[in-house]
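Residue numbers (the working numbering), protein chains in the order written: chain A, 41 to 287; chain B, 41 to 287.
For every residue, glycine included, the Cβ atom is placed at its ideal position computed from N, Cα and C.
Since the structure comes first, as structure tokens, the remarks are kept for the end.
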DNA sequence: TTCCAAGTCTCATCAATTGAGACGAACTCA
DNA sequence: TGAGTTCGTCTCAATTGATGAGACTTGGAA
């Protein structure tokens, strides 16, 4: 697995044997043996540049399945698309994973925007961003607290977000039905909105999220975005009955 | 890697230990050891169902990189999107991989359609479908012939496609600038169009493809689709200068 | 051609994985 | 609540199968 990670770390251009040698504490022959095996299985492929290796297409299949737990991604994708097209902002699907939220899907609209998460597969510690709030709010108290306790330091130091701010936003969400990001000291020019996606028992399956420049968030636009996301989520959950394998 | 494949094969619900036992000729303790390791690295995760395992989110990251060789996918994605929205059909990005074409990206429009490829990561033997034609046509003669020789049997038996039909379509493409699928005896109700994406030296980086019900392919619609794909590819290639790491 | 890096091979060593089976933990169902 | 079942871990001894050193071959580039 480290070979794959190393390959990924080398990006577009591919990884050379020396990259693996530096990263892996293995001998040259062993590295070649691993590379060969992984290539044969389709997990690596040769780069057009001789002597470099790229991630193989077998990972595509696994990756697209990995992000589609319970079929949620397939159901959400076209909806994010349509939101992004209609409203112009960037829309995201997040899911819980341990102490972080993982981005399962992004659709950028006409006015895409930087965010803490760059792309599919990106993570933020739970607590950062509006999607985190939407996910945390529907966990049991113990779960939520243990996650927040775990992340507290990092949230404070790296993102300038306090637990109070987070709890405040959770309350806000539970009152008004949508999530804003907790105020932190970073990326102050951006903002966003999120809606939880809950199963029939009230557990969070994921969150639909939207990020934009603060300057775009007029009251009117905010209502449009919220209404749009809510409508899509409601339809999604209806559609899910019988389609989502919740259990 | 077989553990991952097995997990994938079990789909949404996740794989149980017995699935691994059946698939892998390993003892129970060993399987648990592997599962543990893969979980720790994020390549597997626990399913909500006790005792079952799902693909982990780490694969998302690898998968999205794997499909983005040279940055092609990122450049193409929004264009497929816009085509799918404007024209209503399903649009695909394909790349070469050995003896097959791999689907790197799909965007379904309002009138999605079955095709030989179901989703991201899907493969068809080169020769099947319009994208294959677009890719094959720009390979060297030897490469093309060796690939076709390799696939000939399968093409004939499984898809009812003859080498003549393929060569005819390649000629057609070289004359008129777009590819149709070679006539086979399967899926006769569907049809499609494809455009190659070439680098500056004329090598095929990929192919943009579109599939639809035959009944939708009026002459007018055909022209629209072709024009749309061509425009997008031209822009894409321009945009690529300096962005695509061809080498 | 010459050169150099990429990739393979051989072989002896031995560390690390393996399986059997017992054990503990956790969930289910009565 | 308690019996039963399945999930997951642990121990330990046997041995396999991976490992590294270094020589060798291949193949592209100048």
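Following the continuous alpha helix (DSSP H) through residue 69 (chain B), name the residue where it begins and the one where it ends.
-> 68-80 is the span of the alpha helix (DSSP H), which, as asked, contains residue 69 (chain B).
Leaving out the 5 sequence neighbours to the left and right, which residues in its chain are closer than 6 Å to residue 252 (chain B) when beta-carbon positions are compared?
-> Within the same chain, 129 and 153 come within 6 Å of residue 252 (chain B) by CB-CB distance, once the 5 residues on both sides are set aside.
Partners in chain B for residue 159 (chain A), counting only beta-carbon separations shorter than 7 Å = Those are 104, listed as they occur along chain B.
Proximity test, Cβ basis, 8 Å: residue 247 (chain A) and chain B | Among the residues facing chain B, residue 247 (chain A) is not included, as its CB has no counterpart in that chain under 8 Å away.
Output the residue ranges of the beta strand (DSSP E) runs that lie fully inside the region 200-239 of chain B and measure 3 residues or longer, sorted by chain position.
-> Correct list: 230-238.
In chain A, which residues lie less than 7 Å from residue 186 (chain B) when you measure between Cβ atoms?
-> What residue 186 (chain B) touches in chain A: nothing, since even the nearest Cβ is about 17 Å away.
Between the Cα of residue 272 (chain A) and the Cα atoms of A:254, A:245, A:237 and A:243, which residue gives the shortest distance?
-> Of the listed residues, the one whose Cα sits closest to residue 272 (chain A) is A:237.
Looking at the unbroken beta strand (DSSP E) that takes in residue 165 (chain A), where does it start and where does it end?
-> Here the beta strand (DSSP E) through residue 165 (chain A) covers 163-165.
Locate the beta strand (DSSP E) running through residue 140 (chain B), then write down its first and last residues.
-> Boundaries of the beta strand (DSSP E) around residue 140 (chain B): 140-147.
Any C-beta of chain B sitting closer than 8 Å to the C-beta of residue 269 (chain A)?
-> Not an interface residue.
Residue 244 (chain A), DSSP secondary structure in three states | Reduced to three states, the DSSP call for residue 244 (chain A) is strand.
For residue 137 (chain A), return the contacting residues in chain B, with the cut-off set at a CB-CB distance below 9 Å.
-> Under a criterion of Cβ atoms nearer than 9 Å, the residues of chain B adjacent to residue 137 (chain A) are, in order, 82, 85, 96 and 97.
For residue 172 (chain A), three-class secondary structure by DSSP | In the structure shown, the three-state DSSP call for residue 172 (chain A) is helix.
heavy atom of the ligand GDP below 7 Å from residue 244 (chain B) C-beta | This structure lacks the ligand GDP; in fact it carries no ligand of any kind.
Measure the C-alpha to C-alpha separation of residue 89 (chain A) and residue 77 (chain B) and round it to an integer number of angstroms.
-> Each residue's alpha carbon lies about 32 Å from the other.
Closer than 8 Å to chain B by CB, residue 275 (chain A) | For residue 275 (chain A), the answer is no, since every Cβ of chain B falls outside 8 Å of its Cβ.
What three-state label does DSSP hand residue 269 (chain B) in the structure shown?
-> In the structure shown, residue 269 (chain B) sits in a helix (DSSP, three-state: H, G or I).
Please confirm if residue 41 (chain B) has its CB atom under 8 Å from at least one CB of chain A.
-> Yes, contact with chain A.
On a CA-only basis, which of A:136, A:61 and A:45 is nearest residue 95 (chain A)? Give me that one, please.
-> Closest in C-alpha terms to residue 95 (chain A), from the list A:136, A:61 and A:45, comes A:45.
Please name the residues in the region 45-57 of chain B whose beta-carbon is closer than 7 Å to at least one beta-carbon of chain A, in chain order.
-> Residues 48, 52 and 53.
Looking at the C-beta of residue 107 (chain A), does it have a partner C-beta in chain B at a distance below 8 Å?
-> It does; some Cβ of chain B falls within 8 Å.
From residue 43 (chain B) to residue 101 (chain B), what does the alpha carbon distance come to, in whole angstroms?
-> One C-alpha to the other measures close to 19 Å.
What does residue 121 (chain A) reach in chain B if we use C-beta pairs closer than 7 Å?
-> What residue 121 (chain A) touches in chain B, judged by beta-carbon distance under 7 Å, is 121, going in chain order.
In whole angstroms, what is the alpha-carbon distance linking residue 135 (chain A) and residue 171 (chain A)?
-> Between residue 135 (chain A) and residue 171 (chain A), the C-alpha separation is close to 9 Å.
Classify residue 151 (chain B) as buried or exposed, calling it buried when 16 or more other Cβ atoms lie within 10 Å of its own Cβ.
-> Burial call: exposed.
Using DSSP bridges, identify the partner residues of residue 94 (chain A).
-> Residue 94 (chain A) is bridged by DSSP to A:85.
Counting contacts by CB-CB distance shorter than 8 Å, is residue 110 (chain A) in contact with chain B?
-> With 8 Å as the cut-off, residue 110 (chain A) counts as an interface residue toward chain B.
Kindly indicate which three-state DSSP category residue 286 (chain B) falls into: helix, strand or coil?
-> Annotation note: pLDDT 42 at residue 286 (chain B) (below 50); position unreliable, coordinate value reported separately. Three-state DSSP puts residue 286 (chain B) in coil, outside helix and strand.
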